[in-house]
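J.: Just dropping this structure here.
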Amino acid sequence: MPIDKAVVSIGRSKRNHLVLADQWLSRHHAEIREESGAFYIFDLDSRNGTLVNGVRINRRARLQDGDVVTLGDQTLTFVQEPTGSVVLSDSADPELDLQGTVVVPTEHLLAQARHQEDTWEKIVAPSTRSADDSAAIIRQNQVLSAITEASMALISDRPLNELLDFILELAFKVVRPERGALMLIKGESGELQVESVRTNSDRPDSASEEITFSRTIADKVIGEKVSILTSNAMTDPRFRSQDSIMSFGIRSAMCVPLWNNKSVTGLIYVDRLVQEKVFSEDDLSLLSSLANVAAIKLENAKLVEQMIEKRRMEHELAIAGDIQQNLLPREAPTISGWDITGTNTPCYTIGGDYFDFIQRPSGRLAFALGDVSGKGAGAALMMMVLRATVHSAASKKEKDVVSIMSETNAAMFHNSPEQAYVTFFVGDLDPETGELLYVNAGHIPPIVYRARSGEVERLETGGTVLGMFEVAPFEQGKSKLDVGDVLVVFTDGISESWGADGEEFGEERLGELVRKKAKLSASELMNTIQKEVDSFSTGRATDDRTLIVIKRP
């Protein structure tokens, strides 16, 4: 956690900057304060005290890099982060075939390292080894030991931000540079972003100095997947224009790609300023091998974080889906002389279809069905606005269907994104007479089967879709459901389901199905429609499917 305030409070209370859920901590346990460039931890008369490096402090203690602070069962490590920055210079560079510079394809370095490892066991017996053989074995054993240690250290799971710092820390351990930086490729533009900076020098200004190296080198390392070593940057013409290198007298520098065997995701840059210490080609091979192991670990860590985030999102969507389903009717109203049912099957965990039954103060039954444009979370949120508005408008005795629709349209206009809209149908049924008043706002016309004639009619009267215009004209339609008549209101998830041959289920096919199965109960007819659509589309739902079936037996 960055200490970016003059005072950072720590404790159990949610009012602290750092909240630690630990029963042994006081509500306001301790504070970290910055005073004249130094950092101090203050114990706020806590119940169980504050320890620094295992020693309980009386009132305050100055924090040094690496100090371990213990509060209850929690341990915090204070890290004095370097404030240096990294700059990629855009200065033009000559060709990269200059003296003092080694440019090696990273894959060659890794293949060579694997080959050397495979041949160690075949080296001649100790009694017949030459001095060069023994030196080579010692050197390669050092390389193997360092890579093995790095590989074992990288096995443990760490948060991604900690892992980046740890990788650079390992690089400092195995090749011992004075300065270094780890950069990752970010965004679609492929820009390099500094993720970790580290210095290991006794010079007083080393922690805040600017690290500058050539953008051409960075581009070549990433674009061509090569590792670059310059054994004397003071004499390398590519670096002569770099003020920082000339002023600090860089003796040696390396830049290697973070390559995960599939793609390059960033780079590691290190350098040395001390004249008598230069990097060797063994160092380049070692750093390249470490970067390869680290890049694979980074890729795995990203996949793990993505999996965790995916599971979290799936859990939250499941909760949202349960909430949304609870907003829809759990069962249809029971009205003497009528058989009524409805259902909603979202294509995803949450959806944008809505249906409802609302008992009106006048004794009439309002029913509604809508289809919000789009899918997923946005459509689900609009559906909730739609439901709240319809319930509010329909609960008023004096509101007719045109007024309900106009009020709902205004609410959707003011509470939905541009280009979002809702196709909507609202009906107002008199259970005594069978009179049906309705408005169809751009929705697929519901089907009415007439038992007396055997014909199928469509309810089309109304107006435009909701939410596109603040004020829109709507016209009331009127119909009547007699004994044996059936009304089916549906969304396009039913009529536009696709078969294996690319053909739609279609409104005509649905109308014919209703006509043939009109003698079934409302729930039986609803189930029949669902099964027919599933069979036709071989179970592949591409949209939410919602139905209302109202029958007058």
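Just so we're aligned, residue -11 is where the sequence shown starts under the working numbering, counting upward by one. Note that CB positions come from ideal geometry on N, CA and C, so glycine has one too.
1) When you compare each of 503, 161 and 453 to residue 462 by their alpha carbons, which one comes out closest?
2) Alpha carbon to alpha carbon, how far is residue 378 from residue 450? Give it in angstroms, no decimals.
3) Within the chosen definition, does the stretch 530 to 538 reach the stretch 310 to 330 through at least 3 CB pairs nearer than 8 Å?
4) On the premise that residue 400 lies in contact with residue 410, defined as a C-beta separation below 8 Å, what is that separation, rounded to the nearest angstrom?
5) How would you label residue 345, buried or exposed, when you count the other beta carbons within 10 angstroms and need 16 or more for buried?
6) Which of the three DSSP states is assigned to residue 509 in this structure?
7) How far does the alpha helix (DSSP H) with residue 271 in it extend, from its first residue to its last?
8) Tell me, please, whether the stretch 30 to 46 touches the stretch 89 to 99 by the rule of three or more beta-carbon pairs shorter than 8 Å.
9) Whether or not the stretch 270 to 284 and the stretch 162 to 172 are in contact is what I'm after, with contact meaning three or more pairs of Cβ atoms, one per stretch, closer than 8 Å; do they touch?
10) Return the residue from the list 267, 364, 392 and 66 that minimises the CA-CA distance to residue 27.
11) Output the distance between the C-alpha atoms of residue 39 and residue 265, rounded to the nearest integer angstrom.
12) Where DSSP assigns a beta bridge to residue 376, which residues make up the other side?
13) Tell me which residues share the same chain as residue 370 and place their Cβ nearer than 6 Å to its Cβ, disregarding the 5 neighbours each side in the sequence.
14) Please report how far the alpha carbon of residue 470 lies from the alpha carbon of residue 395, in whole angstroms.
15) For residue 552, which of helix, strand or coil comes out of DSSP?
16) My understanding is that residue 19 touches residue -3, with C-beta atoms under 8 Å, so please give their C-beta distance in whole angstroms.
17) Looking at residue 397: is its Cβ nearer than 8 Å to the Cβ of residue 460?
18) Could you check which residue in 277, 7 and 25 has the C-alpha nearest to that of residue -6?
19) Within 10 angstroms of its Cβ, does residue 312 collect 16 or more other Cβ (buried), or is it exposed?
20) Need the endpoints of the beta strand (DSSP E) that residue 242 sits in, please.
21) In or out: residue 41 buried (at least 16 other Cβ within 10 Å) or exposed?
22) Restricting to Cα atoms, I'd like to know which of 244, 420, 374 and 358 is closest to residue 428.
23) Excluding the 5 residues flanking residue 15 on each side, which residues of the same chain have their C-beta closer than 6 Å to its C-beta?
24) Identify, in the order they occur along the chain, each residue of the same chain with its Cβ nearer than 7 Å to the Cβ of residue 523, setting aside the five sequence neighbours on each side.
25) When the Cα atoms are used, what is the spatial distance from residue 74 to residue 530?
26) Would you report the Cα separation of residue 491 and residue 402, rounded to the nearest angstrom?
27) Between which residues of its own chain and residue 242 is the CB-CB distance below 6 Å, once the five residues before and five after are set aside?
28) Residues in its own chain within less than 8 Å of residue 208 by CB, not counting five upstream and five downstream?
29) CA-CA distance, residue 382 and residue 441?
30) By the DSSP assignment, the beta strand (DSSP E) with residue 76 in it spans what residues?
31) State buried or exposed for residue 421, treating a residue as buried only when at least 16 other CB atoms are found within 10 Å of its CB.
32) In the stretch 315 to 385, which residue ranges form an unbroken alpha helix (DSSP H) of at least 4 residues, counting only runs that do not cross its ends?
33) Secondary structure at residue 520, three-state DSSP: helix, strand or coil?
34) Work out the CA separation of residue 389 and residue 365 for me, nearest whole Å.
35) Terminal residues of the continuous beta strand (DSSP E) containing residue 396?
36) Check whether the stretch 172 to 186 touches the stretch 291 to 298, taking contact to mean three or more Cβ pairs, one atom from each stretch, closer than 8 Å.
T.: Working from what's here:
1) 453
2) 16 Å
3) yes
4) 6 Å
5) buried
6) coil
7) 269 to 315
8) no
9) yes
10) 66
11) 40 Å
12) In DSSP, residue 376 forms no bridge with anything.
13) 360 and 404
14) 30 Å
15) Examination of residue 552 is not possible in this model, given that the chain is present from -11 through 541 alone.
16) 5 Å
17) yes
18) 25
19) buried
20) 240 to 247
21) exposed
22) 358
23) -1, 0 and 1
24) none
25) 49 Å
26) 37 Å
27) 217, 258, 267, 272 and 275
28) 84, 91, 214 and 216
29) 33 Å
30) 74 to 77
31) exposed
32) 364 to 382
33) helix
34) 29 Å
35) It is not in any beta strand (DSSP E) - residue 396 instead sits in the alpha helix (DSSP H) that spans 389 to 402.
36) no
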